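Residue numbers (my numbering): 31 to 330. The beta carbon of each residue, even a glycine, is placed where N, CA and C say it ideally should be. Fair warning: this is a prediction, and the values are worked out from it, not measured in the lab. Written out below as structure tokens is the structure these notes cover.
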Ligand SMILES: [Zn+2]
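This is the structure:
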């Protein structure tokens with residue numbers, strides 16, 4: 031049997047919120063079996079399930095909410111948890127967003143590995159795609175379809191020298207998420223950042239937590255972490271958004287110019303069609319990394 035996984039012990043960090051610019055404390059706690067990823071507004075005492083049904087906004091990031099309580103930018107930590115195959119965690123934040131850290135999922139990978147990953151005495155559950163589900167909107171599209179393991183391919187195509195016609199593909203049963211994807215930072219254009227900040231948004235945004243571009247190239251002194259870092263970040267976002275299905279997905283995703291809004295719509299469309307998926311308990315001893323997608327051991 032492949033078992034569910036949680037953290038060995040709680041761990042804490044703090045950082046600033048991308049949108050508010052305020053300092054936020056983040057505490058990760060081990061979660062009970064079958065509880066999934068639960069976000070907690072510790073300042074309000076409200077739990078919000080890390081599930082697509084909780085999504086209330088997808089404009090600049092993925093925001094979940096319950097009543098008046100909301101938490102923005104959940105996708106990078108969701109992505110890190112999916113990438114490390116962690117099933118059950120409680121994530122406390124004392125504000126309305128998850129701290130942006132360096133704009134990638136890498137600090138969360140480090141945090142989760144410091145907390146340690148332990149197995150729980152119940153079989154892991156996965157959501158296996160049985161039928162193709164797709165969405166199209168102008169020149170944007172995305173689809174999920176049956177495949178062994180977990181694969182994500184993405185076409186980034188903005189009219190910009192670094193961002194046009196950039197296609198990336200990952201098969202996570204063969205390529206390590208932590209090494210290949212987790213370090214890719216979010217990105218934005220300098221003119222957009224300035225406009226957002228005038229409107230009171232992205233107040234915490236800076237070159238410390240994003241790749242900032244002008245018309246010609248990258249403004250950050252250190253340059254890029256991967257030549258195709260921006261496309262890899264779209265994969266990182268997608269992995270996080272897809273985990274809002276409530277279970278790790280066994281299947282393949284293909285996106286062209288899609289983002290949080292379409293990712294979340296796609297997961298909703300998938301869940302709405304009960305003939306398109308099945309929840310499988312990995313009770314047998316036979317499930318291999320290849321069938322599962324993500325590695326079931328902790329990567330180095
Ligand atoms: Zn992102």
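query	result
With 16 other Cβ atoms within 10 Å as the buried cut-off, status of residue 60	buried
Segment contact, 8 Å Cβ cut-off, at least three pairs: the segment 235 to 247 with the segment 212 to 226	yes
Member of 43, 164 and 250 whose CA lies at the smallest distance from the CA of residue 298	164
Simplified DSSP assignment, three categories, for residue 203	coil
Residue 129 burial status per 10 Å Cβ neighbour count (16 or more: buried)	buried
Entirely enclosed beta strand (DSSP E) segments - the segment 155 to 197, minimum 3 residues	155 to 159, 163 to 167, 170 to 175 and 180 to 186
Short Cβ contact (8 Å threshold) for residue 37 with residue 119	yes
Where residue 96 falls: helix, strand or coil (DSSP)	strand
Residue 137 - DSSP class collapsed to helix/strand/coil	helix
Residues passing the C-beta test against ligand 1 heavy atoms, cut-off 7 Å	91, 105, 106, 216, 263, 266 and 267
Cut-off 7 Å between Cβ atoms - residues of its own chain near residue 110, not counting five sequence neighbours on either side	135, 138, 139, 142 and 212
Three-way DSSP call (helix, strand, coil) for residue 285 in this model	strand
Among 284, 101 and 83, nearest to residue 74 - alpha-carbon criterion	101
Backbone CA spacing between residue 107 and residue 246 [nearest angstrom]	31 Å
Stretch-stretch touch, CB-based, cutoff 8 Å, three pairs: the segment 305 to 313 with the segment 183 to 202	no
Whole-Å CB distance - residue 4 paired with residue 301, under 8 Å assumed	The chain is shown only over 31 to 330; residue 4 falls outside these bounds and no answer can be derived.
Residues of its chain near residue 94, where Cβ-Cβ distance is below 6 Å and the 5 sequence neighbours each way are ignored	78, 84, 85, 101 and 104
Residue 171 versus residue 63 - alpha carbon distance	35 Å
As assigned by DSSP and simplified to three states, the class of residue 65	coil
Beta-carbon proximity list for residue 258, same chain, < 6 Å, skipping 5 on both sides	196 and 198
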